[in-house]
Structure formats: C-alpha cells, structure tokens
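Enquirer: The following block contains the structure, expressed as structure tokens.
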Amino acid sequence: MQKEFEQSGIISLEGFFPSSSIDPIRQRVYASFENRGARKNGYWQYKKNDLIDLPDSEVKLIRKELKETDELQLLDHENLIDLVSTLTKNQMDLNSSENEKSPWQFLITLPTNGQWVVPYSMWHLDFPRLPHNQPIGLQIFTFLDQVEPKGGGTLVIAGSHRMLDCQDFMSSKEVKRRLNKQEHFFAKLFSPKTKNRENLLLDKGRSGDIDLSIIELTGDPGDIYLIDLRLFHAVSSNTSNQPRLMLTNRFFCQKSINLWQRHISAQS
C-alpha cells in the first residue's frame, strides 16, 4: 500500500469508516436541508427543472453550521492516524485548530443541468511546490452518501505529484505552465480545443517511469481516498440527481510547512 501511494499519490479503501460513524453525520446534514425545505420525508425536493431549490448562499450557511457539529468527533479514529503514519513514514501531523472542534470540512455540491465534461481550465495545486519537490502532506476524502460518476466528485491526476523537481519554490500556475509545455498528456488535458473530453478519463499517460491518469472520486458511505497534496486536481460538475455529500481533512508534514512559512515571511 505504501509503495502504491508513493507511485500514484492516491489510494482508496472501501468501508474504512463504519456506518456507526457515518450515519449520524449524514442525518445531521439531511436535517439541515430539511430545515430549508430542500428535503422532505426522506426525499430530495426538486423544481420543475429537476434541480434542488436552494441558493448557493444557503449551502454556504449549511457548511458553516455543520462545521462545529459534535458528530464529527465520530471520525476521530486511531486507525486513521495509524494509516496516515504508515503511508507517510510518520512525517505528518493532524491539521487542527484551537478554534475548531474538528478540522473536517464538508463538501456539498448540488446537482446542475448541462453536460458533464472533464474541465480544462480549473486544474490546480492548493499549495506551491517546495524545493526538490518535498512532500507537503496528504488529504483524506470520505463519503457521507453515495457519489456516482458525474456526481461532483473531485478529479485528480494520479502520478502528477512526481512531476518536476526544481531547486526553488514553484507556484501552481508555474507548475501548470511547465507541464503544459513539456508533456503531451497535460497539453491535451489543459487545451480547450480537445474534443470528446469525457474520454480523457480513459487516457493513460507516461513520462519516464511515471504513469499518469485521471481519477474521479466516487464511492459509497464510509469509503475513503487518501491523496498526496502535490497532485493536480479540479472540481467537477454534479449532473446526478442528488447532492454530493463528502468530508475532507488534511494532514501536513510539519517540516515542510515550516519551510513554506519561512519562505512567505522572507517574501513579505
């Protein structure tokens, strides 16, 4: 498992969290939607255009009110810490804050109309590349409800964390520019001229000994993905008939974070 994670930057495990941990959180989310009339008697409420009648501002309020819910403590499993430690060779620390009960964040994406496509313009990194491509940390995703293909799951490029090894810090924009220039796999993905973009999910690329592929995060309640924070990723639209309900958390390599913070301080 550790070798697979080092090579691809992503692994998945089915049913990692038991239903006793996931179900109470999901019911808490359902209750927030029910309070706003978007769910009733166990069913999502749709408008005539098959969309849920709830503005983005209300979804943001749902995320905010759920952030401090006590049920999130059900995900504080020692086996999760053990797994992260194994995959990262004991280099990661749990990202927590004194002002938060839990570092878990809700990911909620309502259904939309239109055709589902693999995007070309939204691929990015959340953090800059560190000198010599040092590891930053990893991110965990878990599912509160089933997320099917085209259901809003994040898209990630497996293997992309191993691309480029530079002497200095490199922004997400610069990493993307270099990959677009140097590698056909990325040039095709990032080009708005590429047709039949849905088929890009089937494409396999290779750069030296690095295998590249696009993975859509889909799964059932309690399944998890663990992802290297250096992977390129993008949001995707939800063209299914139900909201995407997921949770995410991050673990960081404290040594790398200290290096990044010193770099920011030096720039300012």
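Read in order, the letters of the sequence shown are residues 1117 to 1384 in my numbering.
Ideal Cβ positions, reconstructed from N, Cα and C, are used throughout, including at glycine.
If you count every other CB in all the chains shown that lies within 10 Å of the CB of ASN1354, and 16 or more means buried, which is it?
Expert: By the neighbour-count rule (16 or more Cβ atoms within 10 Å), ASN1354 is buried.
Enquirer: Tell me the rounded alpha-carbon separation between LEU1167 and LYS1292.
Expert: Cα-Cα distance, rounded: 34 Å.
Enquirer: Helix, strand or coil for GLN1221 per DSSP?
Expert: GLN1221 falls in the strand class under three-state DSSP.
Enquirer: Assign ASN1249 to one of three DSSP states: helix, strand, or coil.
Expert: Residue state, collapsed to three classes: helix.
Enquirer: Short check: CB of LEU1241 to CB of SER1288, under 8 Å?
Expert: Against a cut-off of 8 Å, the Cβ pair of SER1288 and LEU1241 comes out as a contact.
Enquirer: Return helix, strand or coil for PHE1368, following the three-state DSSP convention.
Expert: In this structure, PHE1368 counts as strand in the three-state DSSP scheme.
Enquirer: State the Cα-Cα distance for the pair HIS1300 and ARG1144, rounded to the nearest angstrom.
Expert: So the alpha carbons of these two residues sit roughly 45 Å apart.
Enquirer: With DSSP run on the structure shown, which of helix, strand or coil describes TRP1160?
Expert: Note: TRP1160 maps to strand in three-state DSSP.
Enquirer: Compare the beta carbon distance of HIS1277 and GLY1131 with 8 Å and say whether it is the shorter of the two.
Expert: Cβ atoms of HIS1277 and GLY1131: not closer than 8 Å.
Enquirer: If I'm right that SER1135 touches PRO1337 with Cβ under 8 Å, what's the distance once you round it to whole angstroms?
Expert: Yes, SER1135 and PRO1337 are in contact; Cβ-Cβ is about 7 Å, under 8 Å.
Enquirer: How is ARG1152 classed by DSSP in three states: helix, strand or coil?
Expert: Residue state, collapsed to three classes: coil.
Enquirer: Quick check: the Cα distance between ASP1319 and PHE1257, rounded to an integer number of angstroms?
Expert: ASP1319 and PHE1257: Cα-Cα distance of roughly 24 Å.
Enquirer: Can you give me the Cβ contacts of VAL1175 inside the same chain, cut-off strictly under 6 Å, excluding the 5 residues immediately before and after it?
Expert: Here the set comprises ILE1224.
Enquirer: When the distance is taken between beta carbons, is LEU1254 closer than 8 Å to ASP1344?
Expert: Yes, they are a contact pair.
Enquirer: Assign THR1202 to buried or exposed, taking buried as 16 or more other Cβ atoms, counted over all protein chains shown, within 10 Å of its Cβ.
Expert: Exposed, since its Cβ has fewer than 16 Cβ neighbours within 10 Å.
Enquirer: What is the C-beta distance between PRO1247 and GLN1283, in whole angstroms, given that I count them as a contact (C-beta under 8 Å)?
Expert: 6 Å between Cβ atoms; contact.
Enquirer: Enumerate, from N- to C-terminal direction, the unbroken alpha helix (DSSP H) stretches of 4 or more residues contained entirely within the stretch 1288 to 1320.
Expert: For the stretch 1288 to 1320, whole alpha helix (DSSP H) runs of length 4 or above, ordered along the chain, are 1288 to 1298 and 1300 to 1306.
Enquirer: Mind checking who GLY1125 pairs with in its DSSP beta bridge?
Expert: Beta-bridge pairing links GLY1125 to no other residue.
Enquirer: Name the DSSP beta bridge partners of VAL1272, please?
Expert: Looking at the DSSP assignment, VAL1272 forms a beta bridge with ILE1331 and HIS1349.
Enquirer: Given that a residue counts as buried once 16 or more other Cβ atoms are within 10 Å of its Cβ, and exposed if not, what is PRO1227?
Expert: So PRO1227 counts as buried.
Enquirer: With C-beta atoms as the reference, is PHE1259 less than 8 Å away from GLY1335?
Expert: Against a cut-off of 8 Å, the Cβ pair of GLY1335 and PHE1259 comes out as a contact.
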